[in-house]
Amino acid sequence: MIDIKLIRENRDLVKENIKKKFQDEKLPLVDEVYELDIKTRDIQTKCDNLKAEKNKLSKEIGALMANGKKDEAEEIKKKIASDANEVTSLEDEKVKLDERIKEIMMVIPNIIDESVPVGKDDSENVEVQKFGEPVVPDYEIPYHADIINKLNGMDKEAAGRTSGEGFYYLLGDIARLHEAMIAYARDYMIDHGFTYAIPPFMIHSSVVEGVMSFPEMEAMMYKIEGEDLYLIGTSEHSMIGKFKDQMIKKEDLPIAMTSYSPCFRKEGGSHGLEERGLYRVHQFEKQEMIVLCEPEDSMDWYNKMWKLTVDIFRNFDVPVRQLECCSGDLADLKVKSCDIEAWSPRQKKYFEVGSCSTLGDAQARRLGIRVKSDKGNYYLHTLNNTVVATPRGLIALIENNYQEDGSIKIPKVLQPYMGGKEYIK
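When we follow this note's numbering, the leftmost residue of the sequence shown carries the number 34, and every step to the right adds one.
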């Protein structure tokens with residue numbers, strides 16, 4: 034959510050930003066909120082003047098009564114009562130106008146960074162750089178589900194009986210490898226100065242509305258029937274929500290945390306679920322990172338954060354690339370975002386395994402997270418990034434470490450988490 038001062042002072046900038054995001058249907062909202070804002074401020078001025086007049090007249094009543102001018106005092110009392118009714122009416126009108134302003138401001142997209150490439154959708158995202166040489170071996174790489182099934186590492190049929198499509202059992206060494214990746218990612222982030230956390234896996238609607246846009250919420254979140262609770266789609270939601278309505282001391286910034294959680298997503302729409310494999314499922318596990326920092330430091334943190342994910346996947350012997358998200362692919366709260374994509378030797382292309390975003394002060398503004406300083410209070414910036422999400426990360430690791438004999442080579446950094454094993458056979 035942007036600062037309404039921006040609309041007061043530079044409507045053209047806000048409109049141009051909307052055009053860059055190809056959301057022209059929202060352009061009239063800018064003028065609407067501009068006019069509503071003028072009305073609310075006029076109403077506030079009238080209310081303030083009437084209240085000031087009331088205080089002045091109230092003092093006069095005492096003097097009139099002391100001088101025996103009761104009739105004049107009664108007339109002033111009538112005037113005060115009439116003004117009080119007008120104030121009540123004006124304040125009721127202002128409440129309705131404020132609600133409409135908030136409703137509009139919640140859907141006007143955040144101002145994107147000037148470095149973001151302009152494009153309509155994810156097909157126009159831009160490759161920035163590659164890390165590691167993408168290799169296609171001279172032997173066939175089977176589909177990841179077939180590799181895992183041969184190693185007795187997965188049972189989707191049983192999951193279908195217990196839970197339906199989009200769920201799975203991981204078994205044996207594959208399940209262990211899955212957890213090894215998460216554990217290594219956790220320890221890697223702790224070693225880089227991030228505080229480890231396990232957050233709540235359900236959050237209130239007020240937190241959901243604070244951390245994401247309405248279209249995202251409807252497409253992703255599972256609602257708990259009969260309760261004001263949603264299952265988290267990522268631990269970023271509850272981790273940023275941890276600071277809701279908090280005043281943070283300037284000296285306590287930056288706050289850098291890494292969190293583990295299961296994640297739950299509808300995965301509906303055109304993408305759908307993956308019937309046989311593990312790429313698009315309703316439930317997965319993830320190690321996440323979030324940062325709360327000074328506004329001037331957010332871009333530096335953004336670059337530090339996505340590079341940490343790159344380093345981890347390179348330690349898994351997985352080639353990756355950084356893909357800059359174009360304007361039309363950015364969620365409304367995001368200022369800048371990039372995807373980290375892993376190489377698939379089977380498909381001979383890259384696929385997404387993580388995403389890093391800076392959201393400016395949008396989440397902080399929605400959730401009321403501010404910094405307390407000697408020069409006044411202000412909103413901080415928030416960032417989030419995927420460290421490792423499985424099973425997508427697991428798919429990338431399996432394909433890039435698949436051996437001709439059907440075994441999987443375990444990357445050296447994960448061997449201590451696998452009891453010293455070097456291969457899954």
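Every residue gets a Cβ at the ideal spot worked out from N, C-alpha and C, and that includes glycine.
- Among the bridge pairs identified by DSSP, His414 is matched with Cys326.
- Ranked by Cα distance from Gly452, the options Asp206, Ile37, Thr73 are led by Asp206.
- Counting only runs of 4+ residues, the alpha helix (DSSP H) found wholly inside the stretch 38 to 78 occupies 44 to 53, in chain order.
- Fully enclosed alpha helix (DSSP H) runs of no fewer than 4 residues are not present anywhere in the stretch 134 to 169.
- DSSP, reduced to helix, strand and coil, places Gly387 within a strand of the structure shown.
- Annotation for Lys277: Ser239, Val240, Gly243, Leu400, Gly401, Ile402 place their beta carbon closer than 8 Å to its own, counting only its chain and skipping 5 residues before and after.
- Cβ-Cβ distances below 8 Å link Ser294 to Ile231, Pro232, Phe234, Ile265, Thr267, Ser268, Ser271, Glu318, Lys319, Glu321 in the same chain, with the five nearest sequence neighbours on each side left out; the list follows chain order.
- Boundaries of the beta strand (DSSP E) harbouring Val404: 403 to 405, taken from the DSSP string.
- Between Gly361 and Phe55 the beta-carbon gap is near 5 Å, inside 8 Å, which marks them as a contact.
- Listed in chain order, the non-local C-beta contacts of Tyr202 below 7 Å within the same chain comprise Met187, Asp188, Ala191, Ala192, local neighbours out to five positions each way being set aside.
- Under the three-state reduction of DSSP output, Val368 falls in the coil class, being neither helix nor strand.
- Leu123 and Leu286 have their C-alpha atoms some 41 Å from each other.
- In this structure the stretch 346 to 354 touches the stretch 374 to 393; the number of beta carbon pairs closer than 8 Å is three or more.
- The C-beta separation of Leu392 from Lys367 comes to about 6 Å, placing the pair in contact by the 8 Å criterion.
- Annotated three-state conformation of Arg309 is coil, per DSSP.
- Bridge partners of Val353 according to DSSP: Phe164, Ala375.
- Burial is judged here by how many other beta carbons sit within 10 angstroms of a residue's own beta carbon; His225 has fewer than 16 and is exposed.
- By the criterion of a C-beta distance shorter than 8 Å, Leu62 is surrounded in its chain by Ile137, Val140, Ile141, once the five residues flanking it on both sides are discounted.
- Assignment of Ile236 by DSSP, reduced to helix, strand and coil, places it in the strand class.
- In the structure shown, the three-state DSSP call for Leu184 is coil.
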